Every structure is written in structure tokens, then in C-alpha cells.
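Enquirer: For the record, the sequence lines run as chains A and B.
For the record, in the first sequence the residue sitting at position 100 is 833 according to this note's numbering, with numbers rising by one throughout.
For the record, in the second sequence the residue sitting at position 186 is 267 according to this note's numbering, with numbers rising by one throughout.
Heads up, the beta-carbon is just placed ideally off N, CA and C, and yes, glycines get one too.
These numbers were taken from a predicted model, which means no experiment stands behind them.
First the structure, then my questions, so here it is.
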Amino acid sequence: MTATLSKPQRRAAGRPFLQNLDRLLPLVGVGVMFGLWWLIAVSGWVNPVLLPTPWATLSALVTAMTTGDMFIDFFASVVRTFSAFLLAAVVGVPLGVLLGSSEKLYRSVEFLIDFFRSTPASALIPMFILFFGVSDFSKVIIAAFSALLLIVFNSAYGVLNARQSRILAAKVMGANRWQVFKDVLVMESLPQTFIGLRSGISIALVIVIVAEMFIGTEQGLGKRIIDAQQVLNVQDMYASILITGLLGYALNVLFLLGEKRVIHWSGK
Amino acid sequence: MMLDTQPTQAIAPPEHFVSVKGLCKSFGNAVLYDNFNLDLASNQLVSVFGPNGCGKSTLINMISGLTPFDSGEILIHDKPIRRARIGYVFQNYREAMLPWLSAFDNIAYPLRVKGMPEAECRDRVETLIQTFNIQLDLKRYPYSFSGGQQQLISILRALVADPEVLFLDEPFSALDFETTLFVRDKLQEIFETTKIPMFMVVHNLEEAVFLADTVLLLSKRPTRLVEMVSFPASRPRTLDTLSSPEFIETSRHCLDIFRQEMRK
Chain A
734 MTATLSKPQR RAAGRPFLQN LDRLLPLVGV GVMFGLWWLI AVSGWVNPVL LPTPWATLSA
794 LVTAMTTGDM FIDFFASVVR TFSAFLLAAV VGVPLGVLLG SSEKLYRSVE FLIDFFRSTP
854 ASALIPMFIL FFGVSDFSKV IIAAFSALLL IVFNSAYGVL NARQSRILAA KVMGANRWQV
914 FKDVLVMESL PQTFIGLRSG ISIALVIVIV AEMFIGTEQG LGKRIIDAQQ VLNVQDMYAS
974 ILITGLLGYA LNVLFLLGEK RVIHWSGK
Chain B
82 MMLDTQPTQA IAPPEHFVSV KGLCKSFGNA VLYDNFNLDL ASNQLVSVFG PNGCGKSTLI
142 NMISGLTPFD SGEILIHDKP IRRARIGYVF QNYREAMLPW LSAFDNIAYP LRVKGMPEAE
202 CRDRVETLIQ TFNIQLDLKR YPYSFSGGQQ QLISILRALV ADPEVLFLDE PFSALDFETT
262 LFVRDKLQEI FETTKIPMFM VVHNLEEAVF LADTVLLLSK RPTRLVEMVS FPASRPRTLD
322 TLSSPEFIET SRHCLDIFRQ EMRK
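Written as C-alpha cells, this is what we have:
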């Protein structure tokens, strides 16, 4: 332990400049991508109508977010994603924990969960339109459905794989079945539940964007991207794609941080 | 008050803290115990030693009620297991602690599941840590302590509900040498103060003899009790005990028996 710790420490003391430079490593890939993009854009290999320069795109992004109407679309997609996620979490976590607490119960629905988990949710969009129309609710419901499966599966899995030793320890200390369930099983399942929640919000965003493209809507990033593409407003299309990517990334980071905070014991 | 010995009974107190009659246990076709009998005199620290796979852990788990047995009878202070208050210290403290609770809440857990009022829970835990002079910041989470401290916390957790017997399953096997000495001394201090009888499985012969009043030597499967070796050295036992003639004599005797058993 000490041996492995001392090495980077010595390096940090000897070469603080290089050490700080190491922290910038994640930016290398970003720089290379923007560099290549710029090179291709100015080289004339690609029709400039199809590929604006990164700077033009970024400035279009900033302008549209601050003065234009992109923020309205952004906000609409965020609200849909979170509504879908909350719906899925409120139903999915208790359902998953319930299924996981009985192995027989879980085995009997395992195939169903695995089947729908493997079915691309976008394939179900037409079916959902049949049942729920082209309303806003319809988009939220289908995104919630796909997130729900991931959340249920992960919560159930977490409970099923709770450490026997901790269950035994609680039993020998006199905990009854309900106490074992709420004090040990639910807590043991939390790390896995969080993985489910994080994958859940990612898939919810994906489905919201797809649904906005195909079901149609007044506002939303999915609609904005497809509209921009239809009228060859490529700067806005790229800017919308970028902001959607940033949104997905931010959601992931947000959930990772939350996870680290709540599951403080994970890996220890 | 919790550290008092068991409530003094008007009638003669039970002679044995553990009494096993005609115990049978098989796993599939493998017979582990066949008509096994055992009586352990009250207020003793008893350690169990035997070859690998002879079912030491199974024995402690059956006596403490964690593992069911096929037939026979097990009594703790002349009562069925269900009615006895037992404390149990697991071999792997990491997997037996509840890492989402602070060390304090871990220790208080056995009281809370019994529905004891919060103030009383706190009082009892405080009394316990003062009695044994535990100077740890118990607001921290279990995983932030060293292995020895974690095992000590799990011993305290097993003691908090005022058990009449304390079971320990290889309590030192996950610890390094230095930590073992520390936890062993604390355990001895606890035994001397509380006089709670202890039943301890150990994986090392010296360990088995050092703290024990009685060493149980078990045979290979099907498991029999080969001998109950008593080790009456005075307490507290220190590092000097390790080099005393009686310790060396008793250890050698146990080792001889163990070797004979292995040859069979």
C-alpha cells in the first residue's frame, strides 16, 4: 500500500508541472477531435454546407442557448426525461426490491424482463402511439417504460445478491424478517439500484430524443435536430447535437456524484 | 447493569452453559456428527480445535442456532437455543458489519431491533465503551477503522445486548499478528470483567490454548470429541504465559493428540 502510494507522491514533489499536466489528459481527445473537425471543414473535402467549422458551431450553440429558442427545446427535453425517470424510479425500485426478495417470484418474471430489456424500446414507439396517441404523455410513458425495465432488473438483482453473511449477522442479532429486509436487503441492493437509476436516466434521454423526432412535438431537442436537418440549417443541427450530448454527459456525471455520496461504503 | 453476570438464580444455577446430547448432522451422504455429546462447565472460555473439515464452524453454528441440525438436543444454560440470549462474532468482520451504519449504530443495532428506546440504547452503548476504555471515534463508518478495531467493534456489538454466551468463529483469522495480540488482550479483559462464558473456534493451536480454560480437540469426520484439555493458568495471561512450562506442556500435549488423530 505504502509502496504504491509513495511513487506518485515522489513524482508530484519532483515534477509538479508534469503532474498538473497529467490532469489535462482528458482534454487531449477533445482537442484532437476539434482539430480534425476544423481541418476537414476548412480543407474543402466536404461541402461547407454539410460541415461548418467547430467555431461557427460553438458560437451558434452559445447564441441559440442565450438569445435564441434553443433553451426552450433543451428545457422541454430535460423535463420529459426527468418525468420519465421519476415515474420509472418510483415504480421500478420498490417493484425490483419486491421481486428480488423472493427468488421464485423473480425467476418467474425473469424471462419477461430480459425479453423486453433486449427489445429496442424504439421498436415499441408505434405501439405506444396506438395506445397513448401523439401526446406529450405518450413520449414520457415510453421513455419511462424503457427506464423501468433497467431499474427493476438492477434493483432485483441487488437484493438477490445481498451478502448472506450480513443477513446472517442481522438474524443472529435478533432481527425479524421485516428488519432484515429493510435494514440489510434494501441497503445491500443500493449500489446495484444506483447503477439501474443511472442507466435508466440515460435510456430515458435516448428514448425522449427519438420520440421527439418521430412522434412530433412543439418543443424538444429531438424535434429541433430533425427540423434543422430538414431545412439544411446545419449549424443549428450540429449545435443541437452537441447540447444533447452535453446533457447526457452531465446527467451521467450528476448520477455518478450522487452515487458516490450515498453509497459511501461501496468498494470498501 | 448490563455487565452484571447472569441474574442470580435462587435455585442452583445451570451447571453447563452449553450442553449437547445425541447431535446428528449430515451434509448429503457425508456424516459430520453422529451422536455427538458435549457438556461445557459454566463460566468458562472454551476453545475448539481440530483438523480442517472436521466441522468446527458447523458445530459453533449449530450451537448458536445459525445452522439447523438433523437430530439431538442443544441446550444453552438448560434452555433451548431460541430462548437464550447469544452474542456471535463472525470470522470476517468486513462482511458482518453493516457498512452503511456508523460504528456506533452498528454496536447499537442489536438493541434497536429489540425496540429499545433510543435514549436507553445510547446509554448502554456508552456504558459498554467506557467499561472497556474504547477510545475510537465511533461516529465514523466501520470501513474507516483498521482490521483489529473493526473486529473489536464487532465484539462490542455482540456484547451490547447482554448475552449469556458469546460465540466467536475464528475471530483472529482475518487479522495480522500484531492486531491479533491487541484483540486477544481486549477479549481476555472482556472475559475477566463480564464472566460471560465464551465458545470460540480457532484455527491455530497456540491460539486455542492461550486464552482457554478448556480446549476441545476434535477428530476427523465423523467428528468425535477426542479430549477436553483443561488449561488452568492464572489470568491475565500475557506474553510470558507463552513461555511458561505449563503452557508449553499443554500445547505439546494437544499437538500430540492432534498428530495421532491425523495419522488415523
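Within the 8 Å Cβ cut-off, does Trp998 (chain A) reach chain B?
Expert: Residue 998 (chain A) sits at position 265 when you count from the first residue of the first sequence. Yes, because at least one Cβ of chain B sits closer than 8 Å to the Cβ of Trp998 (chain A).
Enquirer: When the Cα of Gly153 (chain B) is compared with those of B:Gly168, B:Tyr169 and B:Tyr114, which residue comes out closest?
Expert: As a first step, residue 153 (chain B) is located in the second sequence; it is residue number 72 there, counting from the start. Answer by Cα proximity: B:Tyr114.
Enquirer: With 8 Å set as the bound, which would you pick, yes or no: does the beta-carbon of Ala902 (chain A) sit closer than that to a beta-carbon of chain B?
Expert: The sequence position of residue 902 (chain A) within the first sequence is 169, counting from 1. Yes, contact with chain B.
Enquirer: Distance cutoff 8 Å, beta carbons only. Does Phe171 (chain B) sit that close to anything in chain A?
Expert: Here residue 171 (chain B) corresponds to residue number 90 of the second sequence, with the count starting at 1. It does: the Cβ of Phe171 (chain B) has a partner Cβ on chain A nearer than 8 Å.
Enquirer: Which of the three DSSP states is assigned to Asn753 (chain A) in this structure?
Expert: Position 20 of the first sequence, counted from the first residue, corresponds to residue 753 (chain A). Asn753 (chain A) falls in the helix class under three-state DSSP.
Enquirer: For Leu119 (chain B), list the residues DSSP reports as bridge partners.
Expert: Within the second sequence, the letter at position 38 stands for residue 119 (chain B). Answer is B:Val101, bridged to Leu119 (chain B).
Enquirer: Is there a Cβ from chain A that is less than 8 Å from the Cβ of Arg179 (chain B)?
Expert: The residue you call residue 179 (chain B) lines up with position 98 of the second sequence. Note on residue identity: the sequence assigns Leu, not Arg, to residue 179 (chain B). Yes, its Cβ sits closer than 8 Å to a Cβ of chain A.
Enquirer: Just curious, the alpha helix (DSSP H) that Leu984 (chain A) is in, first and last residue?
Expert: Mapped onto the first sequence, residue 984 (chain A) falls at position 251. It spans Val967 to Val995 - the alpha helix (DSSP H) in which Leu984 (chain A) sits, taken as one unbroken run.
Enquirer: Examine chain A for any beta-carbon lying closer than 8 Å to the beta-carbon of Ser145 (chain B), and answer yes or no.
Expert: Translated into the one-based positions of the second sequence, residue 145 (chain B) becomes position 64. Yes, contact with chain A.
Enquirer: Across which residues does DSSP place Thr786 (chain A) in a beta bridge pair?
Expert: Counted from its first residue, the first sequence places residue 786 (chain A) at position 53. According to DSSP, which records beta bridges pairwise, Thr786 (chain A) is partnered with nothing at all.
Enquirer: Mapping the DSSP letters down to three states, classify Asp321 (chain B) as helix, strand or coil.
Expert: Looking up residue 321 (chain B) in the second sequence gives position 240. If DSSP states are grouped into helix, strand and coil, Asp321 (chain B) belongs with coil.
Enquirer: Does the beta-carbon distance from Val127 (chain B) to Asp266 (chain B) come in below 8 Å?
Expert: Along the second sequence, one-based indexing puts residue 127 (chain B) at 46. Along the second sequence, one-based indexing puts residue 266 (chain B) at 185. Cβ atoms of Val127 (chain B) and Asp266 (chain B): not closer than 8 Å.
Enquirer: Please list the partners that Gln912 (chain A) has in chain B, where partner means a Cβ-to-Cβ separation under 7 Å.
Expert: In the first sequence, counting from the first residue as 1, residue 912 (chain A) sits at position 179. Neighbours of Gln912 (chain A) on chain B, chain order: Val194.
Enquirer: Check whether the stretch 865-885 of chain A and the stretch 965-980 of chain A are in contact - that is, three or more C-beta pairs closer than 8 Å.
Expert: They do not touch, by the three-pair rule.
Enquirer: What residues in the stretch 220-231 of chain B bring their beta carbon closer than 7 Å to a beta carbon of chain A?
Expert: Against chain A - using a Cβ distance shorter than 7 Å - the residues of the stretch 220-231 of chain B are Tyr222 and Tyr224.
Enquirer: List, in chain order, every chain B residue whose beta-carbon is nearer than 8 Å to that of Ala895 (chain A).
Expert: For the purposes of this step, residue 895 (chain A) is taken as residue 162 along the first sequence, with counting starting at 1. The contacting residues do not exist; Ala895 (chain A) stays about 11 Å from chain B at best.
Enquirer: Please list the terminal residues of the continuous beta strand (DSSP E) segment that includes Glu154 (chain B).
Expert: For the purposes of this step, residue 154 (chain B) is identified with residue 73 of the second sequence, where counting begins at 1. Glu154 (chain B) -> beta strand (DSSP E) spans Ser152 to Ile157.
Enquirer: Cutting at 7 Å between CB atoms, please list the residues of its own chain near Ser325 (chain B), excluding the five before and the five after it.
Expert: Sequence index remark: in the second sequence, residue 325 (chain B) carries index 244 (1-based). Closer than 7 Å at Cβ, skipping near neighbours: Ala314.
Enquirer: Determine the DSSP secondary structure at Pro303 (chain B), reduced to helix, strand or coil.
Expert: Along the second sequence, one-based indexing puts residue 303 (chain B) at 222. Pro303 (chain B): coil per DSSP, three-state reduction.
Enquirer: Report the residue from B:Gly136, B:Phe272 and B:Gln211 whose alpha carbon sits nearest the alpha carbon of Asn124 (chain B).
Expert: Stepping through the second sequence from its first residue, residue 124 (chain B) is reached at position 43. Answer by Cα proximity: B:Phe272.
Enquirer: Please name the residue or residues paired with Met309 (chain B) in a DSSP beta bridge.
Expert: Position 228 of the second sequence holds residue 309 (chain B). In DSSP, Met309 (chain B) forms a bridge with B:Leu297.
Enquirer: Kindly list the residues whose CB is nearer than 8 Å to the CB of Leu336 (chain B), restricted to its own chain and excluding five residues on each side of it in sequence; keep chain order.
Expert: If you number the second sequence from 1, residue 336 (chain B) lands on position 255. Here the set comprises Leu286.
Enquirer: On a CA-only basis, which of B:Gly103, B:Leu299, B:Lys160 and B:Lys195 is nearest Lys904 (chain A)? Give me that one, please.
Expert: Stepping through the first sequence from its first residue, residue 904 (chain A) is reached at position 171. Comparing Cα positions, the closest option is B:Lys195.
Enquirer: Run through chain A and tell me which residues come within less than 9 Å of Glu176 (chain B), C-beta to C-beta.
Expert: Translated into the one-based positions of the second sequence, residue 176 (chain B) becomes position 95. Within chain A, the residues near Glu176 (chain B) are Arg896, Gln897, Ser898, Arg899 and Ala902.
Enquirer: Which runs of the alpha helix (DSSP H), 4 residues or longer, sit entirely within the stretch 149-199 of chain B?
Expert: Segments of the alpha helix (DSSP H) lying fully in the stretch 149-199 of chain B: 174-177 and 184-194.
Enquirer: Output the distance between the C-alpha atoms of Gly777 (chain A) and Leu783 (chain A), rounded to the nearest integer angstrom.
Expert: Start at 1 with the first residue of the first sequence, and residue 777 (chain A) comes out as number 44. Start at 1 with the first residue of the first sequence, and residue 783 (chain A) comes out as number 50. Each residue's alpha carbon lies about 11 Å from the other.
Enquirer: Tell me whether the stretch 881-890 of chain A and the stretch 815-833 of chain A touch, counting them as touching only if at least three CB pairs, one residue from each stretch, are closer than 8 Å.
Expert: Flag = yes, the stretch 881-890 of chain A and the stretch 815-833 of chain A touch.
Enquirer: Just to confirm before moving on: does the CB-CB distance between Ala889 (chain A) and Leu975 (chain A) stay below 8 Å?
Expert: Locating residue 889 (chain A) in the first sequence gives position 156, counting from the first residue. Locating residue 975 (chain A) in the first sequence gives position 242, counting from the first residue. No, they are not a contact pair.
Enquirer: With a 10 Å radius around its C-beta and 16 neighbouring C-beta atoms as the bar for buried, classify Leu987 (chain A) as buried or exposed.
Expert: For the purposes of this step, residue 987 (chain A) is taken as the residue at position 254 of the first sequence. So Leu987 (chain A) counts as exposed.
Enquirer: Which class does Val241 (chain B) belong to by DSSP, given the choice of helix, strand or coil?
Expert: Indexing the second sequence from 1 puts residue 241 (chain B) at position 160. The answer is coil: DSSP assigns Val241 (chain B) none of H, G, I, E or B.
Enquirer: Using alpha carbons as the reference points, say which of A:Asp916, A:Phe864 and A:Arg813 lies closest to Ala937 (chain A).
Expert: Numbered from 1 along the first sequence, position 204 holds the residue referred to as residue 937 (chain A). Measuring from the Cα of Ala937 (chain A), the nearest candidate turns out to be A:Arg813.
Enquirer: Going by the beta-carbon positions, is the gap between Phe130 (chain B) and Val296 (chain B) smaller than 8 Å?
Expert: Locating residue 130 (chain B) in the second sequence gives position 49, counting from the first residue. Locating residue 296 (chain B) in the second sequence gives position 215, counting from the first residue. Yes, the pair counts as a contact, with Cβ atoms nearer than the cut-off.
Enquirer: Taking the C-alpha atoms as reference points, what is the distance between Ile210 (chain B) and Leu247 (chain B)?
Expert: Within the second sequence, the letter at position 129 stands for residue 210 (chain B). Within the second sequence, the letter at position 166 stands for residue 247 (chain B). The straight-line gap from Cα to Cα measures roughly 17 Å.
Enquirer: Rounded to whole angstroms, how far is the Cβ of Phe98 (chain B) from the Cβ of Leu121 (chain B), which I believe are closer than 8 Å?
Expert: Mapped onto the second sequence, residue 98 (chain B) falls at position 17. Mapped onto the second sequence, residue 121 (chain B) falls at position 40. Contact holds; Cβ gap of about 6 Å.
Enquirer: Would you kindly work out how many angstroms separate the C-alpha atoms of Leu298 (chain B) and Val307 (chain B), rounded to a whole number?
Expert: Stepping through the second sequence from its first residue, residue 298 (chain B) is reached at position 217. Stepping through the second sequence from its first residue, residue 307 (chain B) is reached at position 226. The straight-line gap from Cα to Cα measures roughly 6 Å.
Enquirer: Can you pull the chain B residues whose beta carbon is under 8 Å from the beta carbon of Gly907 (chain A), in chain order?
Expert: To locate residue 907 (chain A), count along the first sequence from 1; it is residue 174. Here the neighbours are Pro191, Val194, Lys195 and Ala242.
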